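Only one structure is covered here, and it is reproduced in the block below.
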Amino acid sequence: MDVQSLDALEVGQPLVFGGDRIVRVSAELAAAFRAGDAVVVLQDAGEVLHLPRADREAARRAVDAAVAAFSAMGEVDDAALDAFFTGFADRLEDDATFAPIAAANEADVASARTRGRSTTRLVLDDRMRADMVEGLRTWTRIPSPRGRVLDTREHDGWRLEQVSDRLGTVAFVFEGRPNVFADACGVLRGGNTVVFRIGSDALGTARAIVEHALDPSLAAAGLPAGAASLVDAPSHAAGWALFADPRLSLAVARGSGTAVRQLSAVAQQAGNAVSAHGTGGAWMIATAAADAERFAAVVRHSLDRKVCNTLNVCCVVRERADDLVPVFLDAIDRAAADRGTSAKLHVEVTSADHVPQRRFDTSVLIERASGPVEEPAAERQPTEDLGHEWEWEDSPEVTLVVVDDLDHALALFNRYSPSFVLSVVSEDADDLERVWRAADAPYVGDGFTRWVDGQYALGTPELGLSNWELGRLFGRSGILSGDAIHTVRTRVRQHDAEVHR
């Protein structure tokens with residue numbers, strides 16, 4: 350077979366995908382492509398991704414450093430790792446060290462706002478800073494998974510042990526959330542190394558964290574320099590190039606559903622294991638046995654801010670609609686008032702008669718990423734759009750559906766939801782058990798939805814929350830944390846030299 354480098358593309362040139370289909374090179378791609386660039390054709394739909402040479406090189410440099418560091422991490426003991434986490438936390442806590450990081454973040458936020466970008470997850474405020482510090486200190490209290498003997502089998506003359514050990518180089522592509530830096534460094538606890546690619550909105554903040562806190566902490570603790578490496582490039586193509594590197598042991602994608610599916614496909618085609626954390630949005634069901642006061646509280650506390658575990662769709666059974674829908678409407682208004690804004694309601698089309706017409710006729714100011722916008726307080730939503738995740742800024746945004754019964758609600762959840770978080774509000778234990786058995790969800794509760802968080806629920810900094818949109822996970826929880834990333838090696842101790850088969 351004659352293998353040649355691809356130095357140019359021609360308009361209309363066929364690219365094979367899926368084994369028996371082709372997609373043709375567009376004029377735009379042909380004009381942009383240069384020697385040293387690459388293309389990746391996603392095999393499911395034929396989407397063509399252009400990886401410019403500069404982005405490929407930025408990703409390769411970061412992986413080179415992390416792979417080299419992994420070879421040295423076997424000699425790094427837990428005391429040195431503790432020193433790294435403590436040093437990183439101390440530097441973030443020190444006002445003088447943090448000042449240039451804060452300045453970089455202010456610049457990132459200002460730039461994002463001028464471009465109409467969301468900043469709710471970008472602002473490195475006092476709360477996020479404190480959470481990063483606490484997360485890093487938490488890793489000093491969590492035992493390393495390295496060397497943990499998981500199983501022992503005794504044989505005549507020899508003993509077999511299965512032992513937990515470090516996995517390798519872990520790559521993260523995540524949206525503009527600076528706190529993920531601290532969370533993802535948890536993979537070092539188990540002797541792994543990490544490569545980050547952060548969204549362009551937060552790249553300035555990331556560079557400042559690396560320069561003023563991360564790299565100095567690695568050096569002071571005696572860890573290899575590339576143990577935590579940043580892909581210093583702003584484009585999405587740098588993330589594709591990173592996930593296309595077959596030297597990765599695990600690729601972790603966080604962000605929007607579309608971006609995560611795209612990144613996951615790139616990694617899978619390169620033969621890399623993937624942990625995908627994309628589309629979120631929690632669902633809630635209020636059954637015939639719901640307590641109205643409890644329902645009001647859990648709705649309100651599920652809408653305190655927009656993250657993946659925020660309430661997105663609420664189902665109320667028809668039998669209780671007359672008394673529970675007004676409770677729901679009051680709760681979302683209270684959640685908005687807590688933020689000094691107005692709520693945005695979407696009502697599934699067949700449920701509109703249960704909402705006062707004045708909601709549809711009244712316009713309110715809704716706080717969007719681009720600024721306040723006057724919109725109807727309520728709008729009708731097609732049933733087939735129930736899977737849409739509302740990415741709100743400051744105005745709580747949620748969908749209401751009136752369902753025939755609990756079975757109807759479960760059917761809607763299993764068909765339209767991202768198979769993520771489900772809460773059932775009911776005083777009937779049979780309702781709770783039926784939801785547990787029937788719902789295709791990794792996280793099921795009976796109260797507010799925002800409990801789904803590794804740090805909050807397990808006391809371990811979370812690297813991501815997997816949904817089941819692409820299938821149930823094999824052999825692990827959907828809550829990914831640093832101490833969960835390991836491999837299993839098998840070791841034999843032979844004390845009788847004459848053992849044979």
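Residues in the sequence shown are numbered consecutively from 350, following my numbering.
Beta carbons are placed, not taken as given, at the ideal position from N, Cα and C, and that holds for glycine.
The structure presented is a predicted model; accordingly, all values stated were derived computationally and were not measured.
Could you tell me which of the options sits nearest to residue i, measuring between CA atoms?
| i | options | result |
| --- | --- | --- |
| Ala-376 | Pro-363, Gly-368 and Gly-367 | Pro-363 |
| Arg-596 | Leu-829, Ala-586 and Asp-413 | Asp-413 |
| Arg-490 | Leu-430, Val-529 and Leu-398 | Leu-430 |
| Ser-691 | Arg-667, Gly-367 and Ala-727 | Ala-727 |
| Gly-813 | Gly-540, Ser-651 and His-626 | His-626 |
| Asp-443 | Asp-475, Arg-462, Gly-794 and Arg-470 | Asp-475 |
| Asp-653 | Phe-797, Gln-392 and Asp-457 | Phe-797 |
| Trp-741 | Ala-557, Asn-661 and Met-477 | Asn-661 |
| Met-481 | Ala-587, Val-647, Leu-563 and Asp-743 | Leu-563 |
| Phe-366 | Ala-384, Glu-396, Ala-379 and Gly-385 | Glu-396 |
| Asp-756 | Trp-785, Pro-745, Pro-721 and Thr-711 | Trp-785 |
| Ala-570 | Leu-599, Asp-426 and Ala-555 | Asp-426 |
| Leu-572 | Arg-556, Ala-557 and Thr-542 | Thr-542 |
| Ala-448 | Leu-473, Arg-373 and Ala-670 | Leu-473 |
| Leu-373 | Val-390, Val-648 and Tyr-792 | According to the sequence shown, residue 373 is Arg rather than Leu. Comparing Cα positions, the closest option is Val-390. |
| Arg-538 | Leu-591, Trp-507, Trp-488 and His-849 | Trp-488 |
| Glu-733 | Arg-610, Ala-760, Thr-554 and His-585 | Ala-760 |
| Glu-723 | Arg-729, Ser-712, Gln-730 and Pro-731 | Ser-712 |
| Pro-745 | Tyr-765, Ala-685 and Glu-510 | Ala-685 |
| Asp-457 | Thr-446, Ala-445 and Arg-470 | Arg-470 |
| Lys-655 | Gly-820, Trp-739, Arg-497 and Arg-508 | Trp-739 |
| Val-793 | Val-774, Thr-809 and Gln-804 | Val-774 |
| Gln-706 | Asp-789, Val-647, Arg-729 and Ala-452 | Arg-729 |
| Asp-710 | Gln-618, Asp-679, Cys-663 and Pro-725 | Pro-725 |
| Ala-577 | Ala-415, Glu-847 and Gly-820 | Ala-415 |
| Ala-790 | Arg-783, Leu-771 and Ala-778 | Leu-771 |
Three-state secondary structure (DSSP) at residue i?
| i | result |
| --- | --- |
| Thr-798 | helix |
| Ile-634 | strand |
| Asn-661 | strand |
| Asp-743 | coil |
| Gln-353 | coil |
| Arg-497 | coil |
| Asp-514 | strand |
| Ile-828 | strand |
| Gly-361 | coil |
| Val-676 | helix |
| His-626 | strand |
| Val-648 | helix |
| Val-416 | helix |
| Arg-464 | coil |
| Ile-681 | helix |
| Thr-469 | coil |
| Thr-836 | strand |
Hey, would you say residue i sits closer than 8 Å to residue j, going by beta carbons?
| i | j | result |
| --- | --- | --- |
| Phe-762 | Trp-589 | no |
| Thr-748 | Glu-697 | yes |
| Ile-681 | Leu-694 | yes |
| Ala-582 | Ala-407 | yes |
| Glu-811 | Ile-828 | yes |
| Gly-525 | Asp-550 | yes |
| Thr-607 | Glu-818 | no |
| Gly-575 | Phe-769 | no |
| Asp-795 | Gly-535 | no |
| His-561 | Arg-486 | no |
| Ala-701 | Val-676 | no |
| Arg-683 | Arg-643 | no |
| Arg-667 | Val-751 | yes |
| Leu-516 | Leu-599 | yes |
| Ala-586 | Pro-401 | yes |
| Ala-614 | Asp-393 | yes |
| Leu-822 | Ser-815 | yes |
| Phe-545 | Ala-557 | no |
| Asp-780 | Ala-638 | yes |
| Leu-378 | Leu-355 | no |
| Arg-799 | Asp-594 | no |
| Ala-718 | Arg-466 | yes |
| Ala-602 | Leu-612 | yes |
| Asp-297 | Ala-646 | It is not possible to answer for residue 297, since the shown part of the chain is limited to 350 through 850. |
DSSP puts residue i in a beta bridge; with which residues?
| i | result |
| --- | --- |
| Tyr-792 | Val-770 |
| Val-713 | Glu-724 |
| Gln-843 | Trp-507 |
| Lys-693 | Glu-746 |
| Gln-730 | Glu-697 |
| Glu-811 | Ser-830 |
| Ala-387 | Leu-400 |
(request) Starting from the N-terminal side, write out each stretch of the beta strand (DSSP E) that is 3 residues or longer and does not extend beyond the stretch 429-458. (result) none
(request) Quick one: which unbroken beta strand (DSSP E) runs of 3-plus residues sit fully inside the stretch 516-571? Chain order, please. (result) 518-523 and 542-547
(request) Only counting runs of 4 or more residues, tell me where the alpha helix (DSSP H) segments fall wholly within the stretch 571-622, in order along the chain. (result) Fully enclosed alpha helix (DSSP H) runs of 4 or longer: 585-592 and 606-618.
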